[in-house]
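If you're matching positions, the sequence shown starts at 25 in the working numbering and goes up one per residue. C-beta atoms are modelled at their ideal positions from N, C-alpha and C, and glycine is treated no differently.
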Amino acid sequence: MTNSVPTHNAAAPIAQLCAVNKSFTIAGGHELKVLDNIDLDIHEGEMLALLGQSGSGKSTILRCLTGLIEPSSGRVLADGRPLHGVNSDASVVFQTFALYPWLTVAQNVAVGLMAHRTSRAERDAAVGRAIELIGLGNHHAAYPRELSGGMRQRVGIARALVSQPRLLCLDEAFSALDVLTAENLRQELITLWRGRGTGPSSVFMVTHNIEEAVEMATRIVVLFPHPGRLGLVLENPLPYPRDSRDLEFQRLVKVIHETITTMTLPDLPAETPVAGHPISRARGRMESIPLVPVAQILGLLSILHDTPELSNIYDISDEIGKEFGETIALVKAAEILELIDTPKDEVRFTELGRRFVAADRQGRRAIFAEQVFKLRIFHIIIALLKEYEEVDASRVIKDIGSALPYDNPEKTFQTMIAWGRYAGLMDCNPNTRKVFVPKDDERAVGADAGGADR
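See the structure below:
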């Protein structure tokens with residue numbers, strides 16, 4: 025077997041999305057647009073990685089491609105023909121093992137044949153082949169509770185392979201595993217795919233792990249969030265097996281890092297406050313609120329203050345032990361509050377940020393409140409609260425949905441309440457679901473209760 029990277033042919037893609045849009049109706053009847061005009065092809069013989077942050081719409085694309093859900097508009101094709109229902113040539117391995125605890129390994133694998141008409145003898149033979157193929161030969165009669173996490177995921181992979189699909193889809197399939205187990209399974213899947221005849225002809229994987237994508241895929245597509253839309257498309261010509269210490273491997277990782285960083289943290293001036301609060305006038309110019317707790321923002325600033333030599337965003341991600349997308353969200357939160365600046369891939373304190381970390385608790389809350397109030401969405405909602413004293417949470421969520429149509433309004437609302445509570449600017453009564461501006465004594469109680477922990 026050669027180490028060359030397979031190339032796809034000119035035939036019709038085995039799976040294809042054409043101008044696909046997808047929206048979901050969420051709490052309060054709001055329409056949340058998750059995918060925006062997605063065009064994506066998966067070709068025979070390739071391993072395609074879709075790379076993006078959590079919540080960017082990766083899994084929604086996978087579900088559309090396999091026919092598990094229908095797009096709101098656009099077309100899904102299989103071998104050039106419109107797909108109706110589930111794609112019988114595709115199987116999915118999910119992040120959670122999704123095994124039936126009352127079934128044995130063999131019985132769980134056989135579930136992958138439920139949609140196929142097979143005799144018992146054919147089913148038993150197929151199950152046996154899949155179990156042997158994935159290295160579970162001595163575990164036919166074992167139950168999931170008797171297996172390690174890595175072995176359970178092997179069962180999930182065997183279940184996906186038992187029907188001999190042309191397209192194997194991996195939905196964050198390695199993210200719940202320990203590092204060594206995940207690496208071992210990645211290498212085994214690459215071997216299966218390259219073996220031809222023993223495994224799927226094509227693999228479509230969604231992941232948030234940049235190194236994983238570069239290690240496995242022949243082509244990498246970066247998905248940008250809010251709503252999900254395709255960005256960088258990168259061919260990966262590296263021969264197998266791939267070494268993360270290789271200079272070209274590291275170059276590809278850096279290109280992807282820089283693309284995500286530039287898209288998420290552009291070198292643009294921070295937004296300025298609006299004079300009034302009409303949502304229709306502010307729409308389209310409003311900054312999304314990163315869905316991160318105040319405590320994590322404070323923790324990031326503390327680490328940066330205590331470790332002045334730590335300034336590169338990739339090194340920061342390693343230091344705090346978070347995946348790159350989560351680190352980006354934290355950094356963006358501190359940046360929109362004007363506490364840090366992010367030239368290129370560097371993270372630097374602003375003068376205000378240095379004042380913030382040097383201040384006592386009350387001083388920090390005062391600075392935080394001033395910066396939060398500058399954000400357009402906070403400015404609008406607080407103006408509404410000052411006018412009516414208290415407002416139903418449903419009304420606030422509706423206004424958030426109108427102002428930020430591509431964000432989840434319920435999650436944004438929860439984050440805004442947490443930030444507002446720490447700043448003493450706004451709060452929500454959990455019993456009445458009324459949002460209000462707290463009085464001075466309530467602000468003090470909220471701060472002492474640990475508002476930064478939320």
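Quiz prompt | Cβ shell of Pro189 (< 7 Å), same chain only, five flanking positions each side left out | solution = Asp113, Ala114, Ser115 and Pro224
Practice problem: List the residues that DSSP assigns as beta-bridge partners of Ala39. | Solution: Ile66
Self-check item: Contacts around Pro488, its chain only, beta-carbon distance under 6 Å, and the 5 residues preceding and following it disregarded
Solution: The question about residue 488 has no answer, for the chain in this structure spans 25 to 478.
Exercise. Would you mind sorting His108 into buried or exposed? The rule is 16 or more other CB atoms within 10 Å of its CB.
Key: exposed
Quiz prompt | Among Cys452, Tyr430 and Val396, nearest to Asp416 - alpha-carbon criterion | solution = Cys452
Quiz item: Which partner residues does Val179 have in the DSSP bridge list?
Solution: None; Val179 has no bridge partner.
Practice problem: Return the bridge partner residues of Phe460 from the DSSP annotation. | Solution: Glu414 and Asp451
Quiz prompt | Length of the line joining the Cα atoms of Val396 and Ala73 | solution = 37 Å
Quiz item: Should Arg305 be labelled buried (16 or more other beta-carbon atoms within 10 Å of its own) or exposed?
Solution: Confidence is the limiting factor: at Arg305 the pLDDT is only 39, short of 50, which leaves the residue's position unreliable, though a coordinate-based value still follows. Under this definition Arg305 is an exposed residue.
Self-check item: Any 3 or more C-beta pairs closer than 8 Å across the stretch 40–49 and the stretch 143–159
Solution: At 8 Å Cβ cutoff, the stretches do not touch.
Practice problem: State the start and end residues of the unbroken beta strand (DSSP E) segment that holds Glu94. | Solution: Per DSSP, Glu94 belongs to no beta strand (DSSP E) and is neither H nor E.
Exercise. Look up Ile424 in the DSSP assignment and say whether it is helix, strand or coil.
Key: helix
Exercise. Report yes if the CB atom of Val316 is closer than 7 Å to the CB atom of Ala353, and no otherwise.
Key: yes
Practice problem: Report yes if the CB atom of Arg176 is closer than 7 Å to the CB atom of Phe248, and no otherwise. | Solution: It is not a contact, given that the beta carbons lie outside the stated cut-off.
Quiz item: Of the residues Arg266, His250, Thr242 and Glu212, which one's Cα is nearest the Cα of Val257?
Solution: Out of Arg266, His250, Thr242 and Glu212, Thr242 has the C-alpha closest to the C-alpha of Val257.
Quiz item: Rounded to whole angstroms, how far is the Cβ of Pro251 from the Cβ of Asp63, which I believe are closer than 8 Å?
Solution: In fact, because the Cβ distance is near 14 Å, the residues do not count as touching under 8 Å.
Quiz item: Measuring CB to CB, does Ser47 end up less than 7 Å from Ser96?
Solution: yes
Quiz prompt | Terminal residues of the beta strand (DSSP E) in which Phe348 lies | solution = Going by DSSP, Phe348 is part of no beta strand (DSSP E) but of the alpha helix (DSSP H) stretching over Phe348 to Ile360.
Self-check item: Extent of the continuous beta strand (DSSP E) run through Gly387
Solution: Counting along the chain, Gly387 falls outside any beta strand (DSSP E), though it belongs to the alpha helix (DSSP H) covering Arg385 to Lys398.
Exercise. Work out the CA separation of Leu101 and Asp148 for me, nearest whole Å.
Key: C-alpha separation (whole angstroms): 32 Å.
Exercise. Could you name the residues of the same chain whose beta carbon sits closer than 6 Å to that of Pro297, not counting the 5 residues immediately before and after it, in chain order?
Key: Low confidence applies here, because Pro297 scores a pLDDT of 42, under 50, leaving its location unreliable; read the following figure in that light. Lys398 and His403, listed in sequence order.
Quiz item: By the 10 Å Cβ neighbour count, where 16 or more other Cβ atoms means buried, how is Arg105 classified, buried or exposed?
Solution: exposed
Practice problem: Out of Ala393, Lys368 and Asp369, point me to the one whose CA is closest to Leu376's CA. | Solution: Closest option to Leu376, judged by alpha-carbon separation, among Ala393, Lys368 and Asp369: Ala393.
Quiz prompt | Cβ-based neighbour list, Ile66, same chain, cut-off 8 Å, excluding 5 preceding and 5 following | solution = Pro37, Ile38, Ala39, Gln40, Leu72, Leu89, Leu191, Ser226 and Phe228
Exercise. Inspect the beta-carbon positions of Ala200 and Gln119 and report whether they are closer than 7 Å.
Key: yes
Self-check item: Lys463 classed as buried or exposed, judged by whether at least 16 other C-beta atoms fall within 10 angstroms
Solution: exposed
Quiz item: Rounded to the nearest angstrom, how far is the Cβ of Val117 from that of Ala197, given a contact under 8 Å?
Solution: 4 Å
Quiz item: Is the beta carbon of Val246 less than 7 Å from the beta carbon of Val277?
Solution: no
Exercise. Using 10 angstroms around the beta-carbon of Trp126, count the other beta-carbons present and answer buried if the total reaches 16, otherwise exposed.
Key: exposed
Self-check item: Where the alpha helix (DSSP H) through Met240 begins and ends
Solution: First-last of the alpha helix (DSSP H) with Met240: Ile234 to Met240.
Exercise. Find the nearest neighbour of Gly180 within the set Ala134, Tyr430 and Asn208, judged by alpha-carbon distance.
Key: Looking at Ala134, Tyr430 and Asn208, the one whose alpha-carbon comes closest to that of Gly180 is Ala134.
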